[in-house]
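Participant: Going down the list, the sequences are from chains A and B.
Be aware that the first sequence starts at 179, since it is given in our numbering, and climbs by one per residue.
Be aware that the second sequence starts at 27, since it is given in our numbering, and climbs by one per residue.
The structure under discussion is supplied below as structure tokens; questions concerning it will follow.
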Amino acid sequence: MPETSELELSRRGVLTAGAATAALVAAPVSAAPMAIAPSPPTPAMQVRFKVNGERRELSLDPRTTLLDALREHLHLTGTKKGCDHGQCGACTVMVDGVRINSCLSLAVMHEGDEITTIEGLGTPDKLHPMQAAFVKHDGYQCGYCTPGQICSAVAVLDEIKRGVPSHVQGDLTAKPTATNVEMRERMSGNICRCGAYSNIAEAMAEVAGAKA
Amino acid sequence: MRAFTYERAKDASAAARAVTANPAAKFIAGGTNLLDLMKIEVETPTHLVDVQDLGFDKIEATREGGLRIGALVTNTNLAAEERVRRDYGVLTRAIVAGASGQLRNKASTAGNLLQRTRCPYFYDTNMACNKRKPGSGCAAIGGYSRQLGVIGVSDSCIATFPGDMAVAMRVLDAVVETVDATGQRRSIPIADFHRLWGDKPEQDTVLKQGELITAVTLPKPLGGKHFYEKVRDRASYAYALVSVAAVIQPDGTGRVAFGGVAPRPWRVEAADALLPRGAAAVTARAFQGATPTKDNAFKLPLATRALASVLAEAKA
Ligand SMILES: Cc1cc2nc3c(=O)[nH]c(=O)nc-3n(C[C@H](O)[C@H](O)[C@H](O)COP(=O)(O)OP(=O)(O)OC[C@H]3O[C@@H](n4cnc5c(N)ncnc54)[C@H](O)[C@@H]3O)c2cc1C
Ligand code: SF4
Ligand code: FES
Ligand code: FES
């Protein structure tokens, strides 16, 4: 029937388009197969770490990501889940001073670690300079990616200070500086659906300048 | 995600024994590839052995004048290491061209070598894929194959090894060091580490179940100018369509490997020898016998042009 083949055609079109978009970063995220029965739970495991300076102890299914432990178990919902696959940066937190994607890390792998989330950077009464700069420069629109952007931005300035090299650096043996090009490259792991990028770069430049 | 048990290994042989004893067990390092695939049940280990406490997080000088990079050294720390930046610039350049700052902070040297393909059908459990499910067929052949391989592929799989770091390591003739459950050590040249798919695309590398990577060693520095040219669909945070890792000496001789084109970093030593004759001569030899699809045939001229740009820069 002509209807059927038309339907098949458009479905194929959708598939191809999906693959094409996903190819930019990685691969499409498909639903888990429905045919497989849910696996039986495994015994919970204890994990202890510090979050924003506070000691925390949790009993978790080993499958729990650091992101879900923060949001669902500790109710620190500032950290966001965008893609859950390392492709967007909304879940960025600092572990022992270094930024990571909390969606691609198991909570039980963080025994003894010190975790800093957006809630630990500043408070509404006492904003972190980066938070204040994001407000001043309109570094967001809907705000969903913002906690991840701010955690990443704070870590990026620290990485530049520590001399971590980047893709846009000319001379690898020289110290990087907080130029616009450097900051844009280093922030590429944080996607903003609203496209607040240029204002984010300006907020970062202000904080970098204030520090220098 | 399927349920699993988790342990944090205290020493290398205990880790190797635990994963050897259970064919459904896996090591976990940064977790950035394994957890990604576990979430969509492309990987379904029943037991995870965390290797973060094994002490493989150092970069040391070797007696031969090279470097020994611990398997757990993060991509960020490897790229930032002073000796790597100075003497093995191609490696720093390749690493910082990959993934994002957050991912590189977690990605380990061993995990990066073992990252799985980014073929879209491998990720989609509704599609046929010999690599994910041996014998089920290959949806990419005759399907959407723009990112896939142009050489070294087979009738059962046309996927690529997607990483960047390994392409630089191939140019540097790195060696992968391993230990197994019986304490047996192996040194595997990077050239032999990733398999060509043949009729067994489910097996990415020559590692055996439970064989643990302890380090990657680099021979003494080559000198010359170092380049990593990565061509991708956006300027950052995207996998390579084609990449070129090269070390070029003042007299125009050198070495070159290509990424994004084959099941392994693609280097043909006979093509290296043609570097003084220019990019087209090199790629004609390196890609002799290529079998591109309609979708990815563009990778062949793109490889030539990317290399030409590197060679122009080397002369400048
Ligand atoms: C969005 C996104 C974009 C990316 N872009 C790029 C890119 O542009 N270029 C690029 O090169 N990479 C890219 N990556 C991939 C990234 O570099 C890898 O995920 C990372 O290097 C894997 O390292 P890991 O330590 O996290 O590995 P894990 O996920 O922990 O492990 C990967 C595999 O290695 C095995 N393993 C780990 N350690 C050992 C060991 N010591 N011995 C034996 N086996 C071991 C594990 O069992 C597993 O099978 C990207 C990833 C994401 C999510
Ligand atoms: S190319 Fe390889 S990975 Fe991709 S669908 Fe075919 S068999 Fe699977
Ligand atoms: S939610 Fe972690 S990167 Fe998108
Ligand atoms: S502000 Fe809306 S996604 Fe970034």
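C-beta: ideal position from N, C-alpha, C; glycine also.
(1) Any beta-carbon of chain A closer than 8 Å to the one on Ala-41(B)?
(2) Would you mind reading off the limits of the beta strand (DSSP E) that contains Phe-30(B)?
(3) Using only the alpha-carbon positions, how far apart do Phe-284(B) and Thr-220(A) sit?
(4) Distance cutoff 8 Å, beta carbons only. Does Leu-337(B) sit that close to anything in chain A?
(5) One question on the structure: do Cys-269(A) and Thr-255(A) come within less than 8 Å of each other, judged by their Cβ atoms?
(6) Please list the terminal residues of the continuous beta strand (DSSP E) segment that includes Glu-108(B).
(7) Jot down the residue ranges of each uninterrupted alpha helix (DSSP H) in the region 192-256 of chain B, minimum 4 residues, whole runs only, in chain order.
(8) Which residue or residues does DSSP assign as beta-bridge partners of Met-167(A)?
(9) Look up Thr-309(B) in the DSSP assignment and say whether it is helix, strand or coil.
(10) According to the neighbour-count rule (16 or more other Cβ atoms, all chains shown, within 10 Å of its Cβ), is Val-342(A) buried or exposed?
(11) Pick out every residue whose C-beta is nearer than 6 Å to a heavy atom of ligand 4: which are they, in chain order?
(12) Pick out every residue whose C-beta is nearer than 6 Å to a heavy atom of ligand 3: which are they, in chain order?
(13) Closest Cβ-Cβ distance between Arg-234(A) and chain B: below 8 Å?
(14) Here's a check: name, in chain order, each residue in its chain whose Cβ is nearer than 7 Å to the Cβ of Leu-119(A), leaving out the five neighbours to either side.
(15) Interface residues of chain B around Gly-367(A) at Cβ under 8 Å?
(16) Would you give the residue range spanned by the alpha helix (DSSP H) that Gln-224(A) belongs to?
(17) Rounded to the nearest angstrom, how far is the Cβ of Ala-297(B) from that of Ala-312(B), given a contact under 8 Å?
(18) Could you please give me the residues that DSSP links to Arg-233(A) through a beta bridge?
(19) So, Val-205(B) versus Ile-214(B), is the Cβ gap smaller than 8 Å?
(20) Could you give the distance in angstroms between the alpha-carbon of Lys-36(B) and the alpha-carbon of Ala-207(B)?
(21) Examine chain B for any beta-carbon lying closer than 8 Å to the beta-carbon of Thr-220(A), and answer yes or no.
(22) Under a Cβ-count criterion, where at least 16 other Cβ atoms within 10 Å of its own Cβ denotes burial, should Phe-30(B) be classed as buried or exposed?
Facilitator: Let's see:
(1) As a position in the second sequence, residue 41(B) is number 15, starting the count at 1. So no, Ala-41(B) is outside the interface.
(2) Taking the second sequence and counting its residues from 1, one reaches residue 30(B) at position 4. Here Phe-30(B) belongs to no beta strand (DSSP E), and DSSP marks it neither H nor E.
(3) In the second sequence, counting from the first residue as 1, residue 284(B) sits at position 258. In the first sequence, counting from the first residue as 1, residue 220(A) sits at position 42. Roughly 44 Å between the two C-alpha positions.
(4) The count along the second sequence starts at 1 and reaches residue 337(B) at position 311. No, Leu-337(B) lies away from the interface with chain A (no Cβ there is under 8 Å from its Cβ).
(5) Translated into positions along the first sequence, residue 269(A) becomes position 91. Translated into positions along the first sequence, residue 255(A) becomes position 77. Contact: no.
(6) Within the second sequence, numbered from 1, the residue matching residue 108(B) stands at position 82. Membership of Glu-108(B) in any beta strand (DSSP E) is not indicated; the residue belongs instead to the alpha helix (DSSP H) covering 108-113.
(7) 216-219
(8) Residue numbering for chain A in the displayed model covers 179 to 390; residue 167(A) lies beyond these limits and cannot be assessed.
(9) By one-based count along the second sequence, residue 309(B) stands at place 283. Of the three classes helix, strand and coil, the one that applies to Thr-309(B) here is helix, per DSSP.
(10) Here residue 342(A) refers to the residue found at position 164 when the first sequence is read from its first residue. Buried.
(11) Tyr-318(A), Gln-319(A), Cys-320(A), Gly-321(A), Tyr-322(A), Cys-323(A), Thr-324(A), Cys-370(A), Arg-371(A), Cys-372(A), Ala-374(A)
(12) Lys-259(A), Gly-260(A), Cys-261(A), Asp-262(A), Gly-264(A), Gln-265(A), Cys-266(A), Gly-267(A), Ala-268(A), Cys-269(A), Asn-279(A), Cys-281(A)
(13) In the first sequence, the residue the question calls residue 234(A) occupies position 56. No, Arg-234(A) does not count as interfacial toward chain B.
(14) Chain A is shown only over 179 to 390; residue 119(A) falls outside these bounds and no answer can be derived.
(15) Residue numbering aside, residue 367(A) sits at position 189 when the first sequence is read from its first letter. Taking a Cβ-Cβ cut-off of 8 Å, the neighbours of Gly-367(A) in chain B comprise Ala-125, Ser-126, Gly-127, Gln-128, Leu-129, Tyr-263, given in sequence order.
(16) What you label residue 224(A) is simply residue 46 of the first sequence in a count that begins at 1. Bounds of any alpha helix (DSSP H) do not take in Gln-224(A); it lies within the beta strand (DSSP E) bounded by 223-229.
(17) Working through the second sequence from its first residue, we reach residue 297(B) at position 271. Working through the second sequence from its first residue, we reach residue 312(B) at position 286. Indeed, because the Cβ distance is near 4 Å, the residues count as touching under 8 Å.
(18) Walking along the first sequence from the start, residue 233(A) turns up at place 55. According to DSSP, which records beta bridges pairwise, Arg-233(A) is partnered with Lys-228(A).
(19) Translated into the one-based positions of the second sequence, residue 205(B) becomes position 179. Translated into the one-based positions of the second sequence, residue 214(B) becomes position 188. It is not a contact, given that the beta carbons lie outside the stated cut-off.
(20) The sequence position of residue 36(B) within the second sequence is 10, counting from 1. The sequence position of residue 207(B) within the second sequence is 181, counting from 1. Lys-36(B) and Ala-207(B): Cα-Cα distance of roughly 14 Å.
(21) Counting from one through the first sequence, the residue named residue 220(A) turns up at place 42. Put simply, the CB of Thr-220(A) is near chain B, with a gap under 8 Å to one of its CB atoms.
(22) The count along the second sequence starts at 1 and reaches residue 30(B) at position 4. When all chains shown are included, Phe-30(B) counts as buried.
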